[in-house]
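Enquirer: Chains L and X, in that order, are what the protein sequence lines are. Sequential numbering of the first sequence, starting at 1, is according to the working numbering. Sequential numbering of the second sequence, starting at 1001, is according to the working numbering. All C-beta atoms, glycine included, are put in the ideal place defined by N, C-alpha and C.
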Amino acid sequence: MKISKEDVLNTAELARLEFDDETLSKFTRQLGDILVHIDELAELDTKDVEPTSHVLELSTPFRKDEVNQLITAEDALSNAPSKENDFFTVPKVIEDQG
Amino acid sequence: MSIPRTIKEAAALIEKREASPVELAELFLERISSEDAKINSYITVWKEAALEAARKAEKQISEGNYLGPLHGVPIALKDIFVTKDSRTTCGSKMLRDFVAPYNSTVAEKLMASGSVVLGKNNMDEFAMGSSNETSYFGPVKNPWDTDRVPGGSSGGSAAATAANLCIASVGTDTGGSIRQPGSLCGVVGMKPTYGRVSRYGMIAFASSLDQAGPLAKTVEDAAIILSSIAGHDPMDSTSVNLPTADYASALSTDIKGLRIGIPKEYFISGMDPEVEKSVRKAIAELETLGAEIVEISLPHSRYAVSTYYIIAPSEASSNLARYDGVRYTYRCENAETLRDLFFRSRSEGFGDEVKRRIMLGTYALSTGYYDAYYLKAQKARTLIIRDFDNAWEEVDVIASATSPETAFRIGEKADDPLKMYLSDILTIPCNIAGLPGISVPCGFNSEKLPIGLQIMGKPFDEQTVLNVAYAYEQSTKWYEKEVSPLG
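1. Which whole-angstrom value is the C-beta distance of Pro1436/X and Thr1193/X, which I expect to be below 8 Å?
2. Ignore the nearest five residues each way along the sequence and tell me which others in Arg1331/X's own chain have a CB closer than 8 Å to its CB.
3. So that I know if they touch, is there some Cβ in chain B lying closer than 9 Å to that of Asn79/L?
4. Let me confirm a value: Ser1104/X is counted as buried when at least 16 other C-beta atoms fall within 10 Å, else exposed. Which label applies?
5. Check each candidate in Leu1338/X, Glu1353/X, Arg1386/X and name the one with the smallest Cα separation from His1300/X.
6. Taking only beta-carbon positions, decide if Glu6/L is within less than 9 Å of chain X.
7. How about Leu1215/X and Arg1196/X: do their beta carbons lie closer than 9 Å?
8. Below 8 Å on the Cβ atoms is my contact criterion, and I expect Tyr1470/X with Leu1184/X to pass it. Report the Cβ-Cβ distance as a whole number of Å.
9. Taking DSSP as the reference, what is the three-state secondary structure of Tyr1122/X?
10. Given that Arg1381/X touches chain L, what residues does it touch there, using C-beta distances under 9 Å?
11. Should Asn1334/X go down as buried or exposed, given a rule of 16 or more other Cβ atoms within 10 Å for buried?
12. Assign Lys1277/X to buried or exposed, taking buried as 16 or more other Cβ atoms, counted over all protein chains shown, within 10 Å of its Cβ.
13. Within the same chain, show all residues whose beta-carbon is closer than 8 Å to that of Lys1264/X, passing over the 5 residues directly before and after it, in chain order.
14. Closer than 9 Å, CB to CB, is Phe1126/X near chain L or not?
15. Please name the residues in the segment 1357 to 1370 of chain X whose beta-carbon is closer than 7 Å to at least one beta-carbon of chain L, in chain order.
16. Is there a Cβ from chain X that is less than 9 Å from the Cβ of Glu30/L?
17. Indicate whether at least one CB of chain L lies closer than 9 Å to the CB of Pro1101/X.
18. Take Tyr1369/X and list the residues in its own chain whose beta-carbon comes closer than 7 Å to its own, dropping the five residues that flank it on each side.
19. Can you give me the Cβ contacts of Leu1242/X inside the same chain, cut-off strictly under 7 Å, excluding the 5 residues immediately before and after it?
20. Near Phe1137/X, which residues of its chain fall below 8 Å by C-beta distance, leaving aside the five closest residues on each side in sequence?
21. Could you give the residue range of the beta strand (DSSP E) that holds Met1190/X?
22. Among Phe1267/X, Arg1148/X, Ala1100/X, which residue has its Cα nearest to the Cα of Ser1403/X?
23. If you pair each beta-carbon of the segment 1113 to 1120 of chain X with each one of the segment 1067 to 1080 of chain X, do three or more pairs fall below 8 Å?
24. Can you give me the C-alpha to C-alpha distance between Ala1168/X and Ala1316/X, rounded to a whole angstrom?
25. Nearest to Pro1273/X by CA position, among Ser1446/X, Phe1081/X, Asp1371/X, is which residue?
26. Does any residue of chain X have a CB that is nearer than 9 Å to the CB of Asn68/L?
27. If you scan the segment 1131 to 1204 of chain X from start to end, which runs of the beta strand (DSSP E) of 3 or more residues do you find wholly inside it?
28. What residue range does the alpha helix (DSSP H) around Gln1474/X cover?
29. Would you identify the three-state DSSP class for Leu1494/X, choosing helix, strand or coil?
30. Of all the options Val1468/X, Glu1133/X, Asn1164/X, Thr1218/X, which has the alpha carbon lying nearest to the alpha carbon of Arg1259/X?
31. Going by Cα to Cα distance, which pick from Arg1148/X, Val1106/X, Arg1356/X, Ala1127/X is closest to Val1170/X?
32. Closer than 8 Å, Cβ to any Cβ of chain L: which residues of the segment 1326 to 1357 of chain X, in chain order?
33. Could you check what DSSP says for Ala1112/X in three-state terms: helix, strand or coil?
34. According to DSSP, is Glu6/L helix, strand or coil?
35. Please report the Cβ distance between Pro1234/X and Ala1407/X, rounded to the nearest whole angstrom; I am assuming they are in contact, meaning their Cβ atoms lie under 8 Å.
36. Around the Cβ of Lys1379/X, are there at least 16 other Cβ atoms within 10 angstroms (buried) or fewer (exposed)?
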């Protein structure tokens, strides 16, 4: 299926990405080409076919609930682009009410 | 001392005291420093850490504490396996300064086997690519012809192994990312069964498809590395609790009576005739060695690329949501709000191919399209798996080309993502079904570019896959042909 520029913009919003006009046009064309190819899946009769999300038969493994220090706060913060004490810092979350 | 190319050769030198681990590490570090500028196969070289590991290995060995065939042997790791005390970039600006606070299980196991890690290999950004052109750290070049791509995404691992800038390397394979570069660089590349090797600390691309495996000059070396990294890991609940084997010791060239399926759908139109000729010749060789060749059909293979390019980007869009600019990644300058920080950090930190796949996956999972794309692809996945299940009633392994073509020119497909995606057409089904697969060199085309033969096997039957590849390799010895000195 061809995809519209508006679809691409909506998807970018969901994916937390932004594009300039040139890239937006390029992506609209390229994603459209890929989706047109993928449309061949519609040929498949999958009426009675169960979906596969994973090749292994997974069960939830259980272990004893023991306190175990895997990572310290210092290590967890070691790559932080911005931090204060034991916290990551970010710009203000609540935007000004216009 | 001649420069060792294989684990066997290096281990023999160490055993006979003809070369020490420190001498080997120095030799390979020198090779990297003089040669790697020509192919760009490393992102980070571990000069100090490698020498330190080599000194440790030397001491252990001299004290009579020999750990096995990897002890003191210089190898490398794709820069997707997190390692303490060195950055792990995943080929991305997003992680260019990221130093993990822990080691991936694969790295941990290789170090525990006494191997000497020389550094971290270049790769397509977040393992998304078939040419190693999407790396933030620049493209890798194919050592057989530096105007050409090495394949991807484990292109740095394959190129470094082929050029002998490491004895062997460990890469990852989500849709062919070990086998296709193995084929294009003329080395052995193996993707084990999904679940065979722990994914703990392996930066996630598509979690239901990703699997780590070796790139090496010989099948025996690949088997040695597989034995070292395989096995259950409590830190990865998808790593399977099944016994592993000493795959190298159990290698056998006896394939008499083994049934090898040749899927007719794998000789696709548009396949390079020279590749087809080499692969058919390789199949004839397997028959001469006593295998029974059976034509089979895998009718849904032709839908594998479409299925993959829904499932893999969908999983990727979810996995890559963690790169938010807050905790351990690239952060944009002067963000005014949190929203601004998310959008700009992600848009500046990711390259185009990664963005394309995040977009594709986000779209396929979004309201209104989920059933038509994601659910449909999951059902197609079932059909592709059933094809293999049916095939295993008739045959023990399946053989085909690894890639329908030899190494293409740098830039040739860079502007046409769909064309690039189709280059994985023969390797993707293995990932979709979770099967083990190997690429083993099977000759060269008229331009002296390597061609690969792919062997796929039943789940957790790595040994038979390795044995078929080994039998073929030992009777043809393509691995003896070395890359010419880099120009």
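Expert: Let me spell this out:
1. 5 Å
2. Gly1325, Leu1341, Ser1345
3. Included in the structure are the protein chains L and X, with no chain B among them.
4. buried
5. Arg1386/X
6. no
7. no
8. With 8 Å as the limit, Tyr1470/X and Leu1184/X do not qualify as a contact, their Cβ atoms being about 21 Å apart.
9. Sequence inspection shows Asn at residue 1122/X; the Tyr mentioned does not correspond to that position. Here Asn1122/X sits in coil by DSSP.
10. Pro51, Thr52, Ser53, Val55
11. exposed
12. exposed
13. Glu1295, Ile1296, Ser1297
14. no
15. Ile1358, Met1359, Leu1360, Thr1362, Tyr1363, Ser1366
16. According to the sequence provided, residue 30/L is Gln. The question's Glu does not apply to it. So yes, Gln30/L belongs to the interface.
17. yes
18. Tyr1363
19. Phe1460
20. Asn1040, Ile1043, Thr1089, Gly1091, Asn1122
21. 1188 to 1191
22. Phe1267/X
23. yes
24. 28 Å
25. Ser1446/X
26. no
27. 1169 to 1173, 1188 to 1191
28. 1462 to 1476
29. In the structure as shown, chain X begins at 1001 and stops at 1487. Residue 1494/X is therefore absent and cannot be evaluated.
30. Val1468/X
31. Val1106/X
32. Val1326, Arg1327, Tyr1328, Thr1329, Tyr1330, Arg1331, Ala1335, Glu1336, Thr1337, Leu1338, Arg1339, Asp1340, Leu1341, Phe1342, Phe1343, Arg1344, Arg1346, Ser1347, Phe1350, Asp1352, Lys1355, Arg1356
33. helix
34. helix
35. Rounded, the Cβ-Cβ distance is 40 Å, inconsistent with contact.
36. buried
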